[in-house]
Amino acid sequence: MKLILTADVDNLGAPGDTVEVKDGYGRNYLLPRGLAIAASRGAQKQVEGIRRAQEARRVRDLGHANELKQAIEGLEGVSLSVKTAGTGKLFGSVTQSDVAAAIKSAGGPVLDKRSIELPKSHIKATGKHQVTVHLHPDVAAKFALEVVAAG
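Numbering (the UniProt record's numbering), first residue to last: 1 to 151.
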């Protein structure tokens with residue numbers, strides 16, 4: 001069975017790779033989980049879109065990582081507005097995707113959510129929280145995220 005991967009799959013490939021797998025593995029594991037799509041001409045165009053999006057998020061080298069670090073640490077007022085109870089406790093929690101969107105809306109670079117490290121894996125209260133972004137094995141940027149109650 002010929003498939004095109006839409007996400008990283010261990011020991012198989014990266015997004016956009018065309019792979020040949022056994023029918024059962026593709027039909028019962030990869031396709032239902034959204035990790036792959038059936039290979040076709042239209043799917044090849046989707047692959048190009050996936051690769052462009054991945055390239056925009058990827059850190060190219062150490063110099064690029066340092067530039068991104070300067071941009072992230074130079075951001076002023078990265079805040080996230082969330083629904084809260086009267087005590088300041090959140091309904092739900094702030095996730096890595098929420099933080100990536102807050103950085104982008106504050107004028108920062110587009111980041112992969114997997115590179116963001118939250119304190120205690122999720123933020124569940126309002127206030128200032130220290131967040132780390134791992135841009136490169138040698139480069140990590142830290143910034144303060146302010147979680148505020150929505151209106």
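Glycine is no exception: its CB is placed at the ideal position from the N, C-alpha and C atoms.
| Item | Value |
| --- | --- |
| Ala65 classed as buried or exposed, judged by whether at least 16 other C-beta atoms fall within 10 angstroms | buried |
| Nearest to Arg114 (by Cα), restricted to the options Asp23, Ser105 and Val131 | Val131 |
| CB contact flag (Leu111, Val82, <8 Å) | no |
| Given Val139 as reference, the closest of Leu68, Gly74 and Leu90 once Cα atoms are compared | Leu68 |
| Any 3 or more C-beta pairs closer than 8 Å across the segment 36 to 44 and the segment 89 to 96 | no |
| Local conformation of Leu30 per DSSP, three classes | helix |
| Given Leu80 as reference, the closest of Tyr29, Lys124, Leu31 and Ala141 once Cα atoms are compared | Lys124 |
| Cβ-based burial, Arg62 [other Cβ within 10 Å; buried from 16] | The identity of residue 62 in the sequence shown is Leu, whereas the question assumes Arg. It is exposed - the Cβ of Leu62 has fewer than 16 other Cβ atoms within 10 Å. |
| Cβ-Cβ distance between Ala7 and Leu35 below 8 Å | yes |
| DSSP state of Gly86 mapped onto helix, strand, coil | coil |
| CB contact below 8 Å: Ala38 versus chain D | The chain inventory of the structure shown lacks chain D, comprising one protein chain alone. |
| CB contact flag (Leu3, Ala14, <8 Å) | no |
| Proximity to Glu20 [Cα-Cα], best of Lys128, Met1 and Tyr29 | Met1 |
| Beta-carbon spacing of Ala106, Gly77 below 8 Å | yes |
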